[in-house]
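Residue numbers (the working numbering), protein chains in the order written: chain L, 1 to 280; chain D, 1 to 280.
Yeah, the Cβ is synthetic: ideal placement off N, Cα and C, and Gly gets one too.
Beneath this line is the structure, given in structure tokens, with notes to follow.
Number of protein chains: 2
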Amino acid sequence: MSSLPIGIFDSGVGGLTVLRAVRRRLPNENVIYLGDTARVPYGMKSRGTIERYAVEDAGFLIRKGVKMLVIACNTISAMARERLRAEFNLPLLSVLGPGARMAARVTRTGRIGVIATEATVESGAYERAIREASQDRGVEIFSRACPLFVPLVEEGETDSQIARLVAEQYLAPLREKRIDTLVLGCTHYPLLKPVINATIGAIGAEDVALVDSAEATAEETAHLLEKRGLINQSADAGVSRFYVTDAAGRFHRIAEKILEEPLDHLEAVEVWGHDKLETK
Amino acid sequence: MSSLPIGIFDSGVGGLTVLRAVRRRLPNENVIYLGDTARVPYGMKSRGTIERYAVEDAGFLIRKGVKMLVIACNTISAMARERLRAEFNLPLLSVLGPGARMAARVTRTGRIGVIATEATVESGAYERAIREASQDRGVEIFSRACPLFVPLVEEGETDSQIARLVAEQYLAPLREKRIDTLVLGCTHYPLLKPVINATIGAIGAEDVALVDSAEATAEETAHLLEKRGLINQSADAGVSRFYVTDAAGRFHRIAEKILEEPLDHLEAVEVWGHDKLETK
Numbered sequence: 001m002s003s004l005p006i007g008i009f010d011s012g013v014g015g016l017t018v019l020r021a022v023r024r025r026l027p028n029e030n031v032i033y034l035g036d037t038a039r040v041p042y043g044m045k046s047r048g049t050i051e052r053y054a055v056e057d058a059g060f061l062i063r064k065g066v067k068m069l070v071i072a073c074n075t076i077s078a079m080a081r082e083r084l085r086a087e088f089n090l091p092l093l094s095v096l097g098p099g100a101r102m103a104a105r106v107t108r109t110g111r112i113g114v115i116a117t118e119a120t121v122e123s124g125a126y127e128r129a130i131r132e133a134s135q136d137r138g139v140e141i142f143s144r145a146c147p148l149f150v151p152l153v154e155e156g157e158t159d160s161q162i163a164r165l166v167a168e169q170y171l172a173p174l175r176e177k178r179i180d181t182l183v184l185g186c187t188h189y190p191l192l193k194p195v196i197n198a199t200i201g202a203i204g205a206e207d208v209a210l211v212d213s214a215e216a217t218a219e220e221t222a223h224l225l226e227k228r229g230l231i232n233q234s235a236d237a238g239v240s241r242f243y244v245t246d247a248a249g250r251f252h253r254i255a256e257k258i259l260e261e262p263l264d265h266l267e268a269v270e271v272w273g274h275d276k277l278e279t280k
Numbered sequence: 001m002s003s004l005p006i007g008i009f010d011s012g013v014g015g016l017t018v019l020r021a022v023r024r025r026l027p028n029e030n031v032i033y034l035g036d037t038a039r040v041p042y043g044m045k046s047r048g049t050i051e052r053y054a055v056e057d058a059g060f061l062i063r064k065g066v067k068m069l070v071i072a073c074n075t076i077s078a079m080a081r082e083r084l085r086a087e088f089n090l091p092l093l094s095v096l097g098p099g100a101r102m103a104a105r106v107t108r109t110g111r112i113g114v115i116a117t118e119a120t121v122e123s124g125a126y127e128r129a130i131r132e133a134s135q136d137r138g139v140e141i142f143s144r145a146c147p148l149f150v151p152l153v154e155e156g157e158t159d160s161q162i163a164r165l166v167a168e169q170y171l172a173p174l175r176e177k178r179i180d181t182l183v184l185g186c187t188h189y190p191l192l193k194p195v196i197n198a199t200i201g202a203i204g205a206e207d208v209a210l211v212d213s214a215e216a217t218a219e220e221t222a223h224l225l226e227k228r229g230l231i232n233q234s235a236d237a238g239v240s241r242f243y244v245t246d247a248a249g250r251f252h253r254i255a256e257k258i259l260e261e262p263l264d265h266l267e268a269v270e271v272w273g274h275d276k277l278e279t280k
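This is the structure:
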């Protein structure tokens with residue numbers, strides 16, 4: 001069981017920032033990654049659609065044989081986490097919890113900004129998770145949907161004048177709220193860190209802490225595997241395999257840029273039409 | 001047969017610009033519109049995926065009972081038109097042909113720009129269609145993918161500083177080519193007309209003609225129905241019904257803005273899982 005891979009999935013390429021962090025933290029683990037590139041993006045779609053896609057994505061990884069699932073997409077985490085827990089019986093970690101707990105830990109003033117997709121913001125999931133992690137300390141949370149950030153990243157417009165202008169438009173209201181911590185509540189957003197930092201990295205003399213849940217998720221993945229006795233005992237370097245639902249060309253290009261290494265195994269697959277057989 | 005509705009489909013809301021033109025040209029026709037909002041956008045996906053989606057979309061409308069199909073999406077037109085003609089046996093018109101023929105008609109210098117999605121540009125379909133429509137007259141065609149235009153329209157950023165900056169970036173190279181005609185090769189783009197006009201509406205003292213294939217498509221739809229004896233003889237105003245594959249809320253909001261009237265009938269449906277039964 002412990003030699004089985006970790007399953008990581010996302011609507012597209014964004015979750016690769018999580019995969020990269022998991023590989024660094026757990027270099028001996030094998031990983032299977034699924035990007036649902038035929039139906040990307042999820043962020044402006046409805047709960048019903050996102051739940052259905054998430055069950056199909058997870059079902060595919062479970063059929064491949066994985067020891068745990070990491071939801072490397074904040075939209076799926078916010079909208080479909082409970083549905084996945086109800087459907088499947090294996091350790092499940094989502095990026096949302098680690099990100100929220102990290103934000104509660106690093107804030108000094110309790111004024112926390114959250115930027116995410118429309119679906120994630122509308123779900124209120126980050127606000128609930130941050131409040132829960134903050135327990136009795138008073139926090140004020142200011143959320144903002146940034147719908148153009150994902151297309152900017154997908155188009156490689158991560159450090160251009162357009163990216164700076166879009167960031168200014170989205171982040172100026174949060175600057176006015178004098179937040180001291182900003183949660184990057186979408187796995188695409190770490191790729192915009194330089195622009196986000198330039199726009200809101202400091203307010204007056206105070207630095208604003210950017211919370212990138214990839215690192216926090218990798219850390220919690222390691223703890224969860226340790227706790228369950230599921231750490232891979234092999235001394236060999238782990239192997240990553242990649243699956244996408246659309247043709248592989250575009251994913252390949254962006255993935256090698258994010259991971260800064262060639263992909264060992266990349267394959268186009270279908271994930272739909274099986275979900276009814278795969279639930280517990 | 002002639003009282004059956006016209007079926008119009010698109011990956012999302014863009015095709016509503018075509019529906020609007022068809023309703024104005026043919027006010028007594030009934031129309032069914034399908035927007036595949038659960039899987040939008042198509043423009044950066046592969047031919048195999050776009051063909052599969054197009055067959056499922058068309059199959060849905062044919063099961064509903066339509067007398068002809070209008071492909072109100074340039075990406076589907078460019079990538080899947082031939083596949084649809086092979087699969088289904090009914091009159092089929094796509095926005096690409098009318099747009100290309102109009103461009104060939106209006107150009108004076110023969111220097112024609114085409115802006116479209118990545119998939120449409122890569123297919124080369126517009127260049128082939130414009131050359132065919134131009135016959136022996138020499139034309140030079142300059143194509144440019146504008147991947148951020150669709151998200152801008154979907155987010156309502158149609159007349160902002162961001163929109164102007166993105167338009168400048170995409171259109172400056174076409175301005176340098178001194179085109180006299182610009183094909184808006186994606187049904188979303190007419191909603192950016194004011195910004196596109198401000199950026200490239202004139203080069204020096206010469207106006208650049210913007211070709212919006214919606215009007216041309218409505219005109220060819222009317223001709224095709226007349227030729228086949230399929231014009232609806234009823235004197236009553238036609239009725240439009242709308243179907244989407246994701247939840248209806250977001251579509252409803254954007255659609256009423258584009259159509260400038262309330263939607264009579266809007267319903268969320270599934271279109272997948274039937275295509276094998278529906279082909280001829």
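Can you tell me whether residue i is buried or exposed? The criterion is at least 16 other CB atoms within 10 Å of its CB, across all chains shown.
i, result
"ASP36/L", "buried"
"LYS227/L", "exposed"
"PRO98/L", "buried"
"ASP285/L", "With chain L running from 1 to 280 in the structure shown, residue 285/L is simply not present."
"HIS188/D", "buried"
"ARG287/L", "In the structure displayed, chain L extends from 1 to 280; residue 287/L sits before or after that span and is not available."
"ARG108/D", "exposed"
"ARG52/L", "buried"
"ALA235/L", "exposed"
"ARG85/D", "exposed"
"GLU206/D", "exposed"
"GLY59/D", "buried"
"ALA1/L", "Note that residue 1/L is Met in the sequence shown, not Ala. Exposed is the call here."
"VAL271/D", "buried"
"PRO147/L", "buried"
"VAL283/L", "Outside the modelled stretch of chain L, which goes from 1 to 280, sits residue 283/L, for which no answer is possible."
Which of the three DSSP states is assigned to residue i in this structure?
i, result
"MET79/D", "helix"
"GLY35/D", "strand"
"ALA268/L", "strand"
"THR187/D", "coil"
"THR284/L", "This structure does not reach residue 284/L, given that chain L is present from 1 up to 280, and the question cannot be answered."
"LEU26/L", "coil"
"ALA202/L", "strand"
"LYS43/D", "Note on residue identity: the sequence assigns Gly, not Lys, to residue 43/D. Looking at GLY43/D - three-state DSSP - the assignment turns out to be coil, as it is neither helix nor strand."
"GLU220/D", "helix"
"PHE242/L", "strand"
"PHE142/L", "strand"
"ARG111/D", "strand"
Counting along the chain, where does the beta strand (DSSP E) carrying residue i start and finish?
i, result
"MET68/D", "68–71"
"ASP212/D", "209–212"
"PHE9/D", "6–10"
"LEU174/L", "Premise fails: LEU174/L lies in the alpha helix (DSSP H), 161–176, not in any beta strand (DSSP E)."
"LEU92/L", "92–94"
Ordered along the chain, which non-local residues of its own chain (more than five positions away) have a Cβ less than 8 Å from that of residue i?
i, result
"VAL66/D", "LEU4, PRO5, ILE6, GLY7, ILE32 and LEU90"
"ARG23/L", "GLU29, VAL31, GLY238 and SER240"
"PRO190/L", "THR17, LEU184, ASP212 and ALA214"
"ARG111/L", "VAL139, GLU140, PHE142, LYS177, ARG178, ILE179, ASP180 and THR181"
"GLY229/D", "SER2"
So is residue i in contact with chain B if we call contact Cβ pairs under 8 Å?
i, result
"ALA38/L", "Of the protein chains in this structure, namely L and D, none is chain B."
Excluding the 5 residues flanking residue i on each side, which residues of the same chain have their C-beta closer than 7 Å to its C-beta?
i, result
"LYS45/D", "ALA119"
"LEU210/L", "LEU182, LEU184, LYS193, ILE196 and ASN197"
"ALA100/D", "TYR126, ALA129, ILE130 and ALA133"
"ALA202/D", "VAL208"
"ALA222/L", "ARG25 and LEU26"
When every heavy atom of the ligand ZN is checked, does at least one fall within less than 7 Å of the C-beta of residue i?
i, result
"GLU127/L", "Absence of the ligand ZN is noted for the structure shown, with no ligands found whatsoever."
Between which residues of its own chain and residue i is the CB-CB distance below 6 Å, once the five residues before and five after are set aside?
i, result
"TYR42/D", "SER11, ILE50 and THR75"
"SER123/D", "ALA78 and MET79"
"ARG250/D", "none"
"SER143/L", "VAL114 and VAL121"
"LEU285/D", "The first residue shown for chain D is 1 and the last is 280, placing residue 285/D beyond what the model contains."
"THR199/D", "ALA167, GLU168 and LEU171"
"ALA116/D", "ASN74, GLY185 and CYS186"
"ALA104/D", "ILE130, ALA133 and SER134"
Taking the alpha helix (DSSP H) that residue i belongs to, which residues open and close that run?
i, result
"LEU259/D", "249–259"
"THR158/D", "No alpha helix (DSSP H) holds THR158/D; DSSP gives it neither H nor E."
With a cut-off of 8 Å, do at least 3 Cβ pairs link the region 20–27 of chain L to the region 18–37 of chain D?
no
Three or more beta-carbon pairs under 8 Å between the region 90–101 of chain L and the region 147–164 of chain L, yes or no?
no
Quiz item: How do the region 231–244 of chain L and the region 254–268 of chain L stand: do at least 3 beta-carbon pairs fall below 8 Å, yes or no?
Solution: yes
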